[in-house]
Amino acid sequence: MSTEVDAGTRRAESVVSGPPLDSEPGLGSLTLPGFLREVTDLYADREALVARTDDGVTRWTYVQLWERSVEVARALRGAGLGKDGRVGVLMTNRPEWLSVVFGTALAGGVAVTLSTFSTSAELEHLLGVSGVSFLVVERTAAGKPLAGLLPDLEPAVATSEPGAIRSTVFPHLRHVAVVDEPETRGALESWESFLLRGKDVAPEVVESSAAAVAPSDTAVLFFSSGTTSKPKGILSAHRGVAIQMWRFRRMYRFEPEDLIRCWTANGFFWSGNFAMALGSTLACGGSLVLQSTFEPEEALTLIELERVNFPFAWPHQWSQLESAPNWETADLSSLSFVDHKTPVARHRTVTGTWSEPGHAYGNTETFTITTCFPANTPDDVAAGSSGEPLPGNTVKIVDALTGEVVPVGERGEICVKGPTLMLGYLGTPLMETVDQSGYFHTGDGGYVDGVGRLFWEGRLTDIIKTGGANVSPLEVDEALVAHPGVKVTRTVGIPHDTLGEMVVACIVPHDGVDLDSDAIRAYLKERLASYKVPRQVLFFLDEEIALTGSAKIKTADVRALAIERLAV
Numbered sequence: 001m002s003t004e005v006d007a008g009t010r011r012a013e014s015v016v017s018g019p020p021l022d023s024e025p026g027l028g029s030l031t032l033p034g035f036l037r038e039v040t041d042l043y044a045d046r047e048a049l050v051a052r053t054d055d056g057v058t059r060w061t062y063v064q065l066w067e068r069s070v071e072v073a074r075a076l077r078g079a080g081l082g083k084d085g086r087v088g089v090l091m092t093n094r095p096e097w098l099s100v101v102f103g104t105a106l107a108g109g110v111a112v113t114l115s116t117f118s119t120s121a122e123l124e125h126l127l128g129v130s131g132v133s134f135l136v137v138e139r140t141a142a143g144k145p146l147a148g149l150l151p152d153l154e155p156a157v158a159t160s161e162p163g164a165i166r167s168t169v170f171p172h173l174r175h176v177a178v179v180d181e182p183e184t185r186g187a188l189e190s191w192e193s194f195l196l197r198g199k200d201v202a203p204e205v206v207e208s209s210a211a212a213v214a215p216s217d218t219a220v221l222f223f224s225s226g227t228t229s230k231p232k233g234i235l236s237a238h239r240g241v242a243i244q245m246w247r248f249r250r251m252y253r254f255e256p257e258d259l260i261r262c263w264t265a266n267g268f269f270w271s272g273n274f275a276m277a278l279g280s281t282l283a284c285g286g287s288l289v290l291q292s293t294f295e296p297e298e299a300l301t302l303i304e305l306e307r308v309n310f311p312f313a314w315p316h317q318w319s320q321l322e323s324a325p326n327w328e329t330a331d332l333s334s335l336s337f338v339d340h341k342t343p344v345a346r347h348r349t350v351t352g353t354w355s356e357p358g359h360a361y362g363n364t365e366t367f368t369i370t371t372c373f374p375a376n377t378p379d380d381v382a383a384g385s386s387g388e389p390l391p392g393n394t395v396k397i398v399d400a401l402t403g404e405v406v407p408v409g410e411r412g413e414i415c416v417k418g419p420t421l422m423l424g425y426l427g428t429p430l431m432e433t434v435d436q437s438g439y440f441h442t443g444d445g446g447y448v449d450g451v452g453r454l455f456w457e458g459r460l461t462d463i464i465k466t467g468g469a470n471v472s473p474l475e476v477d478e479a480l481v482a483h484p485g486v487k488v489t490r491t492v493g494i495p496h497d498t499l500g501e502m503v504v505a506c507i508v509p510h511d512g513v514d515l516d517s518d519a520i521r522a523y524l525k526e527r528l529a530s531y532k533v534p535r536q537v538l539f540f541l542d543e544e545i546a547l548t549g550s551a552k553i554k555t556a557d558v559r560a561l562a563i564e565r566l567a568v
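For the sequence shown, the UniProt record's numbering begins at 1 and goes up steadily by one.
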């Protein structure tokens, strides 16, 4: 760890670096094909995943995960996927999600992870900007007909032959394979039929394409809500993704003999879930206990039946587990890697003092963590911080207006660089998103102390962090202003015990219009993903909403007003 000092004034500057990357223990191959090959060789016949559905129980060993991934890679190559071709993955957490993402990597392609929470309009945008040529989609998810949305977005999907889509809406899209679809409908090809496309592709071809993947190649395209109304596409290299998968095993202090069994229902299409749950578990030879959609009662049953010892959930899910009807009767005694501060740790059958590596800071742009302390770090060492820079990473704090580095202890904007930094945003060269020294300016505020710990204090922007997901207020407001009764609107985040922040819409109706909060929420549910829909809708008079001199709404004042209203 190092802290830079201004030689002229002897004033310590807020620039802290971790040790060199090559000093980090536990790193293996730095490509996704290499990662999968390495864990398969290490853990071969161990169970890699289990999924329980109404149709039965699916269990794959590491060898079977490899074989299923190779099968997908052969199909992709047989259907014409070339180097860096993009494959969209629109599924909940299920075995095929893993085989498609790893199979895409083995074939030399780029996996584009798409949120199953997407509305029709959001999906149209994501498919359009991502330029996917292949799409693997689950037939239904949480009652939503995912595959059924496609012909509405592009009628050619209903009239074309499989593999022969010719679309002006999605000009690159050629193939759509549907998991759990027993037969072909138009261009929607059954999963079994799609896999047959690889029957004439020798496994050796996949071995060669996998070996040709370089750590600097693009591995994945994830989307994250940013300061604009549309989700930002973030391109990450194999090296960055693989580093974080190996790294999280070290941060959790997992060992193969721990026989990790990780339950998660959070979508792997969010980078945190991919690296933290999937990555750490596979890196130590553990098993993923998959739940496709979070349902508290079913989750407790899964934890008990599968003897889960590492539950991975967001704060609001912990409280829902505690409220489930089978909470009191569930046997959760297998849980050992569960943070002692969570509600689950208070269950009558759970004992332990384990602490997760929660002292951390990161972004999707760095494929999760930049700073962190490992599990079971003493409180006096963490000292309420967000950790210290990890190997290869450097953090600096700058004045958000001037860009000048501030002294140690002074607050400013957090800027980061390191080996897991993104290749760039979709459509934007990386040089346009980093400064002249290669630092990414995060838009978050904080400071570093004299021993190199980072303290994150919140966002300099107005992005709302709710239940582990980012929500752009601008996106919500753009949907609201289209409502004929809404005159002025500002969406804000309000502190919440379990969600982190609660999304609250503050609305000034048009004169003479009587708006109803339930009707507003129903209106938004048709246009936004469920987690973006405000939990509270508040109505105000014109004179209650303060404006700046340039007629812009004062967000801080609106937030304070909302907090006051909700406290009554």
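Using N, Cα and C, we set each Cβ at its ideal position, and we do this for glycine too.
Just so we're clear, the structure is a prediction, and the values are computed from it rather than from any experiment.
Between the CA atoms of residue j and residue i - distance to the nearest angstrom
i           : j           : result
residue 222 : residue 112 : 6 Å
residue 440 : residue 434 : 5 Å
residue 214 : residue 238 : 7 Å
residue 345 : residue 364 : 29 Å
residue 22  : residue 260 : 27 Å
residue 499 : residue 208 : 46 Å
residue 232 : residue 138 : 23 Å
residue 201 : residue 193 : 15 Å
residue 350 : residue 273 : 24 Å
residue 540 : residue 529 : 25 Å
residue 31  : residue 242 : 6 Å
residue 191 : residue 355 : 42 Å
residue 145 : residue 176 : 14 Å
residue 142 : residue 362 : 30 Å
residue 335 : residue 197 : 43 Å
residue 227 : residue 317 : In this prediction, residue 227 has a pLDDT of 40, which is less than 50 and means its spatial position is unreliable; what the coordinates show is noted afterwards. Going from the Cα of residue 227 to the Cα of residue 317 covers about 26 Å.
residue 120 : residue 353 : 45 Å
CA nearest to the CA of residue i, picked from the options
i           : options            : result
residue 411 : 447, 386, 436      : 447
residue 244 : 275, 267, 25, 468  : 275
residue 333 : 356, 319, 495, 302 : 302
residue 519 : 21, 511, 380, 535  : 535
residue 26  : 196, 255, 145, 92  : 255
residue 505 : 512, 565, 438, 458 : 565
residue 117 : 554, 174, 294      : 294
residue 408 : 425, 454, 219      : 454
residue 583 : 145, 281, 181      : A query on residue 583 cannot be resolved here, the shown segment of the chain reaching from 1 to 568 and no further.
residue 55  : 449, 320, 180      : 180
residue 171 : 189, 198, 132      : 132
residue 474 : 458, 167, 555, 485 : 555
residue 324 : 359, 28, 343, 51   : 343
residue 491 : 162, 533, 429      : 533
residue 470 : 230, 426, 152      : 230
residue 45  : 368, 28, 66        : 66
residue 265 : 18, 95, 443        : 95
residue 483 : 472, 517, 452, 496 : 517
Within 8 Å, strictly: CB atoms of residue i and residue j
i           : j           : result
residue 187 : residue 164 : yes
residue 210 : residue 106 : yes
residue 126 : residue 114 : yes
residue 100 : residue 89  : yes
residue 206 : residue 73  : yes
residue 289 : residue 306 : yes
residue 466 : residue 503 : yes
residue 622 : residue 419 : Examination of residue 622 is not possible in this model, given that the chain is present from 1 through 568 alone.
residue 563 : residue 494 : yes
residue 569 : residue 382 : Here the chain comprises residues numbered 1 to 568, so residue 569 is not present and cannot be evaluated.
residue 309 : residue 337 : yes
Identity of the residues DSSP links to residue i by a beta bridge
i           : result
residue 502 : 494
residue 236 : 220
residue 287 : 261
residue 361 : 371
residue 489 : 507
residue 178 : 137, 190
residue 310 : 262
residue 253 : For residue 253, which the question treats as bridged, DSSP gives no partner whatsoever.
residue 346 : None; residue 346 has no bridge partner.
residue 247 : Residue 247 is not bridged to any residue.
residue 565 : Per DSSP, none; premise fails for residue 565.
Below-8 Å beta-carbon distance, residue i vs any chain C residue
i           : result
residue 145 : You won't find chain C in this structure, because it holds only one protein chain.
Near the ligand MN: residue i beta-carbon under 7 Å from a heavy atom
i           : result
residue 405 : Absence of the ligand MN is noted for the structure shown, with no ligands found whatsoever.
Open item on the list: For a minimum of 4 consecutive residues, which ranges assigned as the alpha helix (DSSP H) are wholly contained in the segment 512-554?
Closed with: Qualifying alpha helix (DSSP H) stretches, in chain order: 517-525.
Open item on the list: Extract the residue ranges of the beta strand (DSSP E) inside the segment 101-145, only unbroken runs of 3 or more that lie entirely within it.
Closed with: Qualifying beta strand (DSSP E) stretches, in chain order: 110-113, 134-138.
TODO: Only counting runs of 3 or more residues, tell me where the beta strand (DSSP E) segments fall wholly within the segment 388-472, in order along the chain.
DONE: Whole beta strand (DSSP E) segments, 3+ residues: 394-398, 412-417, 440-448, 454-459, 464-466, 469-471.
Task: Minimum length 4: unbroken alpha helix (DSSP H) runs contained in the segment 38-98 - done: The qualifying runs are 62-78.
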